[in-house]
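A.B. asks:
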Amino acid sequence: SSASVRGVLSLDQEVGLSDALLLEPPTEEAFIANLHQRFKRDLIYTYIGSVVVSVNPYKKLALYSPDVIQAYQRCSMFELPPHIYAVADDAYTSLRDRNQDQCVIITGESGAGKTGKLASKLVMQYITAISGMEAEVDTIKEHLLQSAPVLEAFGNAKTHRNDNSSRFGKYIDIEFDFKGDPIGGIITNYLLEKSRVISQTQGERNFHFFYQLLSGADIHLLKSLKLQRNIDNYAILKHSKGSQAENIDDKSYFGLTKRSMEALGMGPDEIHAAFQVVASVLKMGNLQFQPRANIDDTEGCSLLNEYEVYDICELLRVDFASLHSALTQKMVDARHEVVITDLSAMEATYSKNALCKALYSRLFTWLVSRINDSIRAKRVGKRRCLGVLDIYGFEVLEKNCFEQFVINYCNEKLQQLFIVLTLKQEQEEYIHEGIQWEHIDYFNNAIICDLIEKNNHGILAMLDEECLRPEPVSDDTFLYKLTKVCQESPYFESKGCKNFMADASLPSQCFRLRHYAGAVTYSVAGFIDKNNDHLYRDLSQAMYSCDHPLMKILFPEGNPKRTTLKRPTTTATQFKISIGALVKNLQAKTPNYVRCIKPNELKQPMIFEMALVQHQVRYLGLVENLKVRRAGFAFRQEYEAFLERYKLLSPHTWPHWSGLPVEGVTLLLRDLPVHPSEYAFGRTKIFVKNPRTVYELEEFRHERLHELATLIQKTWRGFVMRNKFLRMREGQVTISSNFKCWKARREFLHKRQAASTIAAFFRGWKVVYNILFPHRVCLPSPASVHEPSMRSSPSRRFASRTTVGGSYAEARDVAVYMCVCMDMCKTREQFHDVGQSRRREWAARVLARCYRFSKVSTDARFLRHGLRCTTAEGAFQRRRYLLWLAHNLPSESPLDRSWPPAPRFLHTTSHILKKMYHKWRCSKYRMRFDQTARNRMREKVTASIIFRDRKASYAKSVSHPFRGDYVRLRQNVKWKRLASETGDQYVVFADIISKITRSSGKCVQALFVVSTNAMLIMDQRTLQIKYRIPVGDIFRISLSPFLDDIAVFHVRTTEATRKKGDFLFETGHVIEIVTKLFLVIQNATGKPPEVNIATE
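Below is the structure:
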């Protein structure tokens, strides 16, 4: 649950020191004691800066759940307890954000926990868990994870030191795209220990898959493979009977291995073909040969169990006669003739064993190639790589042979790489960059690597030379030649060396090498054969002739058309070339180290053997690494790259910086809450001491990126919404104007239609009336009725009552006619009023504007007579003044006292604005200062308060900055050591001054130092302290008001100053000394000292 995860990952529950850089003192004893203290509480991880030291707990811990992965994904490296997930996250973040290739190098001796649930698997698990979730990416991640069970099954075995020991070297390059999503990978394997296929030491096992196949396969699969479940039936496995590991379930692991092969895209036929090759190796290991004498007195052999050969032939689909002949005979080229000779029983056994080893090792190589086909990147484009190196650890067995020699040579190369990258190059870089540095001694194992791999004179060169000699060679001749060439080396011992002391522990057929991890005795028995790795050509051709789908891939040299007389490359040369390429690859990447330690030889939890751990700590160089990282710098970067990455954190460097990069970095760091002791400036690079500071910078950058992203979003959204608003407003105006036009036109058309209708009816009625009443009085037109004379004349009133003829009907008709005419006139008037109303509104607006203008003119006349303006014109005048003032402000310098004039009625407002503007530009001027500049300004202000108009020499000091350390005492190594003892690390002032003796008045040169705690008078050459006066004991400072540079410091009487009394000094920086000491005393005691400036 999340609550339990928080409990496990709480820094409050840490025991000991999670980061060994904080150890005091940084000794080997303290380092091991801290590891032991943490190990007892199941805290198996400890930091040395960014290096993780892992102690194998030999039990399961609740440290690897998905909740823990999410916790480390959300936090920086030092916010949670040490964990291998933190190293993996740091490597992945650097690759994704800094665009730097990374590698995780996991080292330690066999059994230290490199391969199992403690190192390489966890790195892969974390990387795949935190990367992208697309379908294609998920497929790649699944293939990367599923490759581990297959490689472990075929390449790991139980040894005395480790139940799941890697018997091969593995380096995985995971490729990522620009988003940080894995898009593929490549696995490189190094030197499988194939001799284990034939024989194992008592108590050890063969490779895991042999036991998985016999234990986990169902009866039908075993029958098809001609196998039986009992391991006693197989010669290459029966020696390991009783060596079953407690924590290995072969049956369940077989199902896991088979499912992983299917997940990697292998079809059923491919999987079954691989199983057939493994079954063939098991069957071939059972072959036995009986010696027999030939007619020509040569020794031959015959097969005792030919039924096993028949099974092999059925599995590999090869002719019995062909395979039988290849196992018991060989073809020899003699003077352009091919001679077939019989093999002796010993030679046939050797040939059979060579074929078994070749079959299994080549099958393993094919599996790696097949896995690479499934995880190889399909996309084209720029990629970044994260490498994970999981290789065999340093081995010291009871009998060390060729395999142990090659494994330990590989570890020597990796140790040399660690020394070069973390100890040698780092110290050389400090010196080259001009960083103050004291050299730290360490053991450089380059001389041992040269002894092994040097051309013409190294052990590997001697071995190859012996293997290529035409005359008969043996392991004894190799040892003799090796002794002759290497006897001068102090790291090589054998019984034939000149300076060899009698040592019964060194057998006759052995030599001893003093590795970085200790002396190892190697038996030369088998060196020549294992280096040649010779397989008879008859066997290669027999395997190539098989109809099995894998045989032609595994044995391409058996093709008769591709026969060559060139000798194959020896095993040692192949391994030397591959290790050289590996080291070159690792040097091109940024390394991240996981140093694994084995706590005991019993593989039991809660047992911590001090001597064993001490031996590993010493040969891994952990204490030397601790000292270098403690005294050195965890991070360094060129100024241009550093500025380009972090320039957004300072207003001085963002968005563009046009000056020198080092100046930009200086301004950048001044604006950040980073103490100056945390970094140093080199010639071309900036050096950061603590990795926590780098993580803080990354956090600041992450927060700033969010702010900038928010700003971009806000600006874009404002832009979009404003455009939307403008379009809506334009649309609204268009709609409104069109609607108003439509409405006015509709009203006009209605009225026009009404008028036309009325006029039409009137004309029709008039025609009808004239027809019906032709002799009546002519009716007036509607226009004449509308005349004023007609409206009020007596004839109109009379017409309303009578007609010419005097009848009532005629009078009624005349009245109706008059009403119709009146209505038509009103309708026409309303129609004309539609256009006149708008003209009236326009006229009203013009009149209102003229009226306001007249009022403004009147108010202006009153203002000219000194009256207060409170009308609209006053607001207009204020607005116009403020707009004019915005474009005529004085400069932003606080020393500029000018101010634009203002109208008389705005004098008060102008005075307030002047004060506000002055305060604003003063605050803006102060904001330009970093903390150092603020301190200097404070000192200058304090000096002005103390000495202005009181000391004649003060005026000359105003233009000179207070530097403080005039002799660069802060960089002096001897002073740092002395200051750490006295507690005076922070130097406020340091300079050579003249101390005046009160008895004789003579001046003596002395080094005068003011720290935050005391005033010191020291010898300027030896830095010996003559007087150290705590600042609390200085209660008064006296000076004269003249141009002299003398100051008197009055000190309270103590045992140290009883005989000496007050101090008299003469210095050209008297103003600065008194000012700084004044502030130091005020900060230390809370009360300022008395400064007496007088003639007495």
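Its first residue numbered 1109, the sequence shown is counted upward by one per residue in my numbering. Quick reminder that beta carbons are idealized off the backbone N, C-alpha and C, glycines included.
May I have the straight-line CA-CA distance separating K1278 from T1761, to the nearest angstrom?
C.D. replies: Computed Cα separation, rounded: 46 Å.
A.B. asks: From which residue to which residue does the alpha helix (DSSP H) around A1141 run?
C.D. replies: Taken as a continuous stretch (DSSP letters only), the alpha helix (DSSP H) holding A1141 covers 1136 to 1147.
A.B. asks: Would you call the stretch 1725 to 1736 and the stretch 1133 to 1153 in contact, with 3 or more CB pairs under 8 Å?
C.D. replies: The stretch 1725 to 1736, when compared against the stretch 1133 to 1153, does touch it at the 8 Å Cβ threshold.
A.B. asks: For K2184, which three-state DSSP category applies?
C.D. replies: In the structure shown, K2184 sits in a helix (DSSP, three-state: H, G or I).
A.B. asks: Am I right that S1218 and R1269 are in contact with their C-beta atoms under 8 Å? What's the rounded C-beta distance?
C.D. replies: Right, the Cβ-Cβ distance comes to about 5 Å (below 8 Å), so this counts as a contact.
A.B. asks: Starting from the N-terminal side, write out each stretch of the beta strand (DSSP E) that is 3 residues or longer and does not extend beyond the stretch 1485 to 1530.
C.D. replies: You should have 1492 to 1498.
A.B. asks: So F1284 is in the beta strand (DSSP E); what residue range does that whole segment cover?
C.D. replies: Here the beta strand (DSSP E) through F1284 covers 1277 to 1284.
A.B. asks: If F1551 and L1571 are in contact, beta carbons under 8 Å, what's the gap, nearest whole angstrom?
C.D. replies: Contact doesn't hold; Cβ gap of about 26 Å is too wide.
A.B. asks: Quick one, which of R1825, N1798, I2101, L1777 has its alpha-carbon nearest R1809's?
C.D. replies: With distances taken between Cα atoms, R1809 lies closest to L1777.
A.B. asks: To test your reading of the DSSP string, which unbroken alpha helix (DSSP H) runs of 4 or more residues are found completely within the stretch 1641 to 1669?
C.D. replies: Listed in chain order, they are 1645 to 1652, 1659 to 1662.
A.B. asks: Pick from F1635, K1669, F2097, V1721: whose alpha carbon is nearest that of Q1649?
C.D. replies: Cα-wise, what sits closest to Q1649 is K1669.
A.B. asks: Assign P1598 to buried or exposed, taking buried as 16 or more other Cβ atoms, counted over all protein chains shown, within 10 Å of its Cβ.
C.D. replies: Burial call: exposed.
A.B. asks: Measuring alpha carbon to alpha carbon, tell me which of N1516, Q1437, E1596, I1843 ends up nearest L1643.
C.D. replies: Among N1516, Q1437, E1596, I1843, the Cα nearest to that of L1643 belongs to Q1437.
A.B. asks: Can you give me the C-alpha to C-alpha distance between P1799 and W1992, rounded to a whole angstrom?
C.D. replies: Whole-angstrom Cα-Cα distance: 55 Å.
A.B. asks: Ordered along the chain, which non-local residues of its own chain (more than five positions away) have a Cβ less than 8 Å from that of K1562?
C.D. replies: Result list for K1562: A1569, in chain order.
A.B. asks: Quick one: residues in its chain with C-beta nearer than 7 Å to the C-beta of R2044, no 5 flanking neighbours on either side, listed in chain order?
C.D. replies: Once the five neighbours on either side are set aside, the close Cβ partners of R2044 are P2069, F2070.
A.B. asks: Can you grab the Cα-Cα spacing for the pair V1828 / H1764, in whole Å?
C.D. replies: Using only the alpha carbons, I get a separation of about 27 Å.
A.B. asks: Taking the DSSP output, what are the residues bridged to L1401?
C.D. replies: Rather than Leu, the amino acid found at residue 1401 in this sequence is Ala. Paired residues: E1407.
A.B. asks: Distance check for P1174 and Y1193, CA to CA, integer angstroms please.
C.D. replies: Whole-angstrom Cα-Cα distance: 11 Å.
A.B. asks: By how many angstroms is the C-alpha of I1483 removed from the C-alpha of D1281?
C.D. replies: C-alpha separation (whole angstroms): 11 Å.
A.B. asks: Less than 7 Å between the beta carbons of Q1210 and T1698, yes or no?
C.D. replies: Taking 7 Å as the Cβ cut-off, Q1210 and T1698 qualify as a contacting pair.
A.B. asks: Taking the Cβ atom as the reference point for each residue, do E1546 and R1791 lie within a distance shorter than 7 Å?
C.D. replies: No; because the gap between Cβ atoms is not below 7 Å, this pair is not in contact.
A.B. asks: Any contact of the stretch 1736 to 1745 with the stretch 1698 to 1715, i.e. 3+ C-beta pairs under 8 Å?
C.D. replies: In short, these stretches do not touch, since the Cβ pair count stays below three.
A.B. asks: My understanding is that Y2062 touches D2099, with C-beta atoms under 8 Å, so please give their C-beta distance in whole angstroms.
C.D. replies: Contact flag wrong, Cβ pair sits at about 19 Å.
A.B. asks: Please report how far the alpha carbon of C1493 lies from the alpha carbon of L1694, in whole angstroms.
C.D. replies: Approximately 11 Å between the Cα atoms of the pair.
A.B. asks: Give the secondary structure of D2170 by DSSP, where H, G and I count as helix, E and B as strand, and everything else as coil.
C.D. replies: Correct three-state label for D2170: coil.
A.B. asks: I want to see whether chain B comes within less than 7 Å of Q1712, judged by CB atoms only; does it?
C.D. replies: The displayed structure is made up of one protein chain only, and chain B is not part of it.
A.B. asks: Residue range of the beta strand (DSSP E) that M2123 falls in?
C.D. replies: Its beta strand (DSSP E) spans residues 2122 to 2126.
A.B. asks: Name the DSSP bridge partner or partners of I1213?
C.D. replies: Bridge partners of I1213: L1497, Y1701.
A.B. asks: Kindly list the residues whose CB is nearer than 8 Å to the CB of G1914, restricted to its own chain and excluding five residues on each side of it in sequence; keep chain order.
C.D. replies: Any reading at G1914 needs caution, since the residue's pLDDT is 46, under 50, leaving its predicted position unreliable; the model's value is listed next. Around G1914: no qualifying Cβ.
A.B. asks: Quick one: measure Cβ to Cβ for V1273 and A1265, integer angstroms, because I've assumed they're closer than 8 Å.
C.D. replies: Contrary to the premise, residue 1273 reads as Ser rather than Val in this sequence. About 6 Å; that satisfies the 8 Å criterion.
A.B. asks: List, from N- to C-terminal side, the beta strand (DSSP E) runs of 3 residues or more that fit wholly inside the stretch 1572 to 1621.
C.D. replies: For the stretch 1572 to 1621, not a single whole beta strand (DSSP E) run of length 3 or above is found.
A.B. asks: Which runs of the alpha helix (DSSP H) fall wholly inside the stretch 1989 to 2060 and span at least 4 residues, in chain order?
C.D. replies: As far as the stretch 1989 to 2060 is concerned, its whole alpha helix (DSSP H) runs of at least 4 residues are 2015 to 2035, 2039 to 2055.
A.B. asks: According to DSSP, is M1185 helix, strand or coil?
C.D. replies: Here M1185 sits in coil by DSSP.
A.B. asks: For K2103, list the residues DSSP reports as bridge partners.
C.D. replies: K2103 pairs with V2112, F2173.
A.B. asks: Comparing C-alpha positions only, which one of V1159, S1126, S1158 sits nearest to H1144?
C.D. replies: Closest option to H1144, Cα to Cα, is S1126.
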